[in-house]
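Numbering follows the UniProt record's numbering, in which position 212 of the sequence shown is assigned residue number 212; successive positions increment by one, without gaps.
Even glycine gets a Cβ: it sits at the ideal position worked out from N, Cα and C.
All of these numbers come straight from a predicted model, not from anything done at the bench.
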Amino acid sequence: MLMSPGVSNLSTTASQNGSASCDPAWIRGLSTVKKDVEQTDEKVAQFKKKAKELRILDAKTAQNLSIFLGSFRLRYEEIRDIVLEVDEERLSEALIQNLIKNLPEQKELSSLAELKGEYEELCESEQFGIVMSSVKLLRPRLNGILFKLTFEEQVNNIRPDIMNVTFACEEVKKSEGFSKLLEMILLVGNYMNSGSRNAQTFGFNISFLCKIRDTKSADQNTTLLHFLAEKCEENFPEILKFPDELEHVENASKVSAQILKASLDTMERHIQRLENDIQNFPKTDDKQDKFVEKIKYSREQYEKLSTMHKNMQKLYESLGSYFAFDPHAVSIEDFFGDLANFRMLFLDAVKENHKKREMEEKIKRAKLAKEKAEREKQERQQKKKQLIDMNKEGDETGVMDSLMEALQSGAAFRDRRKRTPRTGDQSPSSPAARWPGANNHDNRRTGLERSRSRHNPLVR
């Protein structure tokens with residue numbers, strides 16, 4: 001039986017000592033030493049095996065590839081097929097970026113391809129390299145796929161900007177309300193400037209629209225913009241529709257023509273580079289390889305986008321001729337920015353006019369209510385005074401009319417208190433006590449006769 005040198009020495013020592021072979025502690029120590037030696041031999045073997053397996057790749061590249069493969073957990077053949085088919089459902093920007101970052105150079109891939117017969121003896125990183133080496137022009141292909149994935153995002157960012165500017169140009173030119181408002185502003189401006197050097201002006205700069213709010217009345221209570229908004233509501237309600245007619249102006253004001261053109265130029269350069277790479281691609285009968293077919297679609301999308309951009313530029317230039325400004329000196333961002341600001345200022349002026357009118361009507365209603373309450377209070381006081389004066393005056397001219405009025409209004413019965421008969425005036429056994437109404441009847445009769453005698457001089 002073969003044994004390691006350390007174990008044979010221990011055995012020799014044990015035999016020389018005689019009784020040591022029977023010592024349990026000595027046997028346990030022997031087992032521990034044997035186990036340590038076996039572990040050391042195994043580590044050495046693993047190290048030699050690992051060093052042998054890394055045939056082409058360096059340790060850092062192999063480690064990065066191992067981390068990449070562990071994070072995505074896809075079979076090597078599956079990753080290769082996704083790249084060949086340009087399967088956009090399973091492709092992701094992160095997958096392609098990591099492949100480009102961690103993929104060995106083409107020279108290393110070619111060297112790995114020669115070790116295809118030793119596939120099982122290689123480490124995982126080099127096995128993956130052998131699988132991917134079967135894809136022709138792998139790195140240019142990955143760059144093209146990455147561009148295609150980001151191309152869709154770029155198109156989705158650029159197309160809305162082009163459409164917003166295009167629609168805004170058409171809306172400004174076709175808006176009848178905005179055209180009439182400009183005419184009204186020019187008319188009012190010429191009236192205000194009559195007699196000055198600015199009288200009889202034929203036009204004004206669009207940027208002037210935002211300065212209308214700064215022109216205030218003599219009492220500082222309103223502005224020219226609020227005045228124009230009020231007159232539009234009173235006499236030209238069709239002008240109030242112009243903010244709705246300029247629906248895309250605000251979005252167009254956020255578009256930078258320079259950034260838009262730079263993005264299109266960059267896109268065109270990438271497509272041109274891809275087309276040059278495609279020309280170098282060898283023809284293949286592999287139906288699984290759909291790279292050339294799908295990359296050509298990017299050129300078609302770019303051409304449509306470029307046509308839309310050229311049409312947008314023509315519309316903006318025609319807008320410059322329509323409003324008499326230089327489209328090369330005034331940027332799209334500035335022009336539509338002024339229109340968007342004026343649109344919001346005009347809407348704010350209309351709202352503020354409404355609030356002002358509501359407040360004035362509220363104050364007016366409160367004033368009318370207060371005046372009405374004062375009148376009613378004065379009328380009540382006047383009537384009360386007339387009743388008091390009627391009781392005080394000796395001349396009872398018109399007493400019957402006043403009494404009838406008091407009876408009809410109920411004033412005669414207000415504050416009426418029940419009289420309690422005084423003790424000793426009438427005895428319970430007297431006729432007046434038994435029939436109190438008789439006594440009152442005599443009193444009323446006497447009063448009426450006295451009244452008739454005073455009103456009719458013929459009665460004696």
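Closer than 7 Å by C-beta to residue i: which residues in its own chain qualify, once you throw out the five before and the five after it? Chain order, please.
{"i": "residue 343", "result": "243, 246 and 249"}
{"i": "residue 104", "result": "57, 61 and 129"}
{"i": "residue 226", "result": "349, 352 and 353"}
{"i": "residue 77", "result": "131"}
{"i": "residue 155", "result": "301 and 305"}
{"i": "residue 69", "result": "124 and 128"}
{"i": "residue 320", "result": "326 and 327"}
{"i": "residue 295", "result": "144, 148, 274 and 278"}
Would residue i and residue j be called neighbours here (beta carbons separated by less than 9 Å)?
{"i": "residue 312", "j": "residue 236", "result": "no"}
{"i": "residue 228", "j": "residue 267", "result": "no"}
{"i": "residue 146", "j": "residue 97", "result": "yes"}
{"i": "residue 328", "j": "residue 260", "result": "no"}
{"i": "residue 263", "j": "residue 157", "result": "yes"}
{"i": "residue 101", "j": "residue 143", "result": "no"}
{"i": "residue 79", "j": "residue 131", "result": "yes"}
{"i": "residue 288", "j": "residue 121", "result": "no"}
{"i": "residue 83", "j": "residue 159", "result": "no"}
{"i": "residue 257", "j": "residue 206", "result": "no"}
{"i": "residue 173", "j": "residue 318", "result": "yes"}
{"i": "residue 251", "j": "residue 198", "result": "no"}
{"i": "residue 214", "j": "residue 223", "result": "yes"}
Ignore the nearest five residues each way along the sequence and tell me which others in residue i's own chain have a CB closer than 6 Å to its CB.
{"i": "residue 111", "result": "56"}
{"i": "residue 93", "result": "149"}
{"i": "residue 350", "result": "229"}
{"i": "residue 339", "result": "249"}
{"i": "residue 241", "result": "177"}
{"i": "residue 180", "result": "239"}
{"i": "residue 151", "result": "298"}
{"i": "residue 341", "result": "210"}
{"i": "residue 388", "result": "none"}
{"i": "residue 95", "result": "none"}
{"i": "residue 386", "result": "none"}
{"i": "residue 232", "result": "239 and 240"}
Quick one: what's got a C-beta closer than 8 Å to residue i's C-beta in the same chain, skipping five residues either side?
{"i": "residue 204", "result": "185, 186 and 189"}
{"i": "residue 115", "result": "55, 56, 122, 126 and 130"}
{"i": "residue 72", "result": "79, 95 and 98"}
{"i": "residue 134", "result": "80 and 113"}
Given a threshold of 16 other Cβ atoms within 10 Å of its Cβ, counted over all protein chains shown, does residue i qualify as buried or as exposed?
{"i": "residue 127", "result": "buried"}
{"i": "residue 194", "result": "exposed"}
{"i": "residue 201", "result": "exposed"}
{"i": "residue 369", "result": "exposed"}
{"i": "residue 119", "result": "exposed"}
{"i": "residue 291", "result": "buried"}
{"i": "residue 59", "result": "exposed"}
{"i": "residue 162", "result": "buried"}
{"i": "residue 171", "result": "buried"}
{"i": "residue 166", "result": "buried"}
{"i": "residue 435", "result": "The pLDDT assigned to residue 435 is 44, lower than 50, so where the model puts this residue is not dependable; a value taken from the coordinates is nonetheless given after this. It counts as exposed."}
{"i": "residue 212", "result": "buried"}
{"i": "residue 271", "result": "buried"}
{"i": "residue 407", "result": "exposed"}
{"i": "residue 335", "result": "buried"}
{"i": "residue 457", "result": "At residue 457, the pLDDT of 45 sits below 50, so the modelled position is not reliable; the number obtained from the coordinates is stated separately. The residue is exposed, with fewer than 16 neighbouring Cβ atoms inside 10 Å."}
{"i": "residue 373", "result": "exposed"}
{"i": "residue 316", "result": "buried"}
{"i": "residue 346", "result": "buried"}
For the alpha helix (DSSP H) containing residue i, list its first residue and its last residue.
{"i": "residue 232", "result": "224-235"}
{"i": "residue 112", "result": "106-113"}
{"i": "residue 123", "result": "It is not in any alpha helix (DSSP H) - residue 123 carries neither H nor E in the DSSP assignment."}
{"i": "residue 167", "result": "138-174"}
{"i": "residue 96", "result": "93-102"}
{"i": "residue 278", "result": "257-280"}
{"i": "residue 65", "result": "59-72"}
{"i": "residue 466", "result": "Not covered by the structure: residue 466. The range shown for the chain is 1 to 460."}
{"i": "residue 296", "result": "291-322"}
{"i": "residue 251", "result": "249-252"}
{"i": "residue 242", "result": "242-245"}
Checking the sheet assignment: what are the DSSP bridge partners for residue i?
{"i": "residue 216", "result": "223"}
Please report whether the beta-carbon of residue i lies at a distance below 9 Å from any beta-carbon of chain D.
{"i": "residue 388", "result": "Structure shown: chain D not included; a single protein chain is present."}
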